[in-house]
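S.K.: Mapping of the sequence shown onto the numbering used here: residues 708 to 829, in sequence order.
The beta carbon of each residue, even a glycine, is placed where N, CA and C say it ideally should be.
Here the structure is a predicted model, which is why all the values come from computation and not from measurement.
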Amino acid sequence: MLKQNLSRHTKVKLNDFAIDINKTERAIIFLYCSWSPTITQLKSLMDSLVNYQDILLLVYDIDEKEALQFFDEQGLQSNGWGETYWIKNGKVISTLKKYGPQNMEELIGKNAKLLEGSGNCK
708 MLKQNLSRHT KVKLNDFAID INKTERAIIF LYCSWSPTIT QLKSLMDSLV
758 NYQDILLLVY DIDEKEALQF FDEQGLQSNG WGETYWIKNG KVISTLKKYG
808 PQNMEELIGK NAKLLEGSGN CK
């Protein structure tokens, strides 16, 4: 189900622990775990990205061996609620967790902020 949802977006990296967020121009980080109902958040996030295919989506399973050290080094935190971080020029500009279809306007607004000033606003 995860890979099926992720296939809707062109720029996705799954569990890429080599990425340095401080050097990332623009990206969305989604933290999930298989034991939590985070599929609701992922589906809503993917729906919000339909017109934002240029945004890199970084997806991390919090139960992976390297996850805790990576999150600590990058300043990320997860409690299993589909925590989502919007990164612009190496800085977290927004976060959201425990969201769903009712938050679509907010998700789209956060996506648009990543592209402000880049000439790629949709």
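Could you check what DSSP says for Ser755 in three-state terms: helix, strand or coil?
M.R.: Ser755 falls in the helix class under three-state DSSP.
S.K.: Which value, in whole angstroms, describes the spacing of the CA atoms of Lys820 and Asn722?
M.R.: 24 Å
S.K.: If you measure between the beta carbons of Ser785 and Ile769, is that distance less than 7 Å?
M.R.: yes
S.K.: Here's a check: name, in chain order, each residue in its chain whose Cβ is nearer than 6 Å to the Cβ of Gly807, leaving out the five neighbours to either side.
M.R.: Thr747, Ser751
S.K.: Run through DSSP, which three-state label would Phe777 get?
M.R.: helix
S.K.: Pull up the CB-CB distance for Val719 and Val766, whole angstroms please, since I reckon it's below 8 Å.
M.R.: 6 Å
S.K.: Anyone know if the C-beta pair for Ile726 and Tyr792 falls short of 7 Å?
M.R.: In this structure, Ile726 keeps its C-beta atom at 7 Å or more from the C-beta atom of Tyr792.
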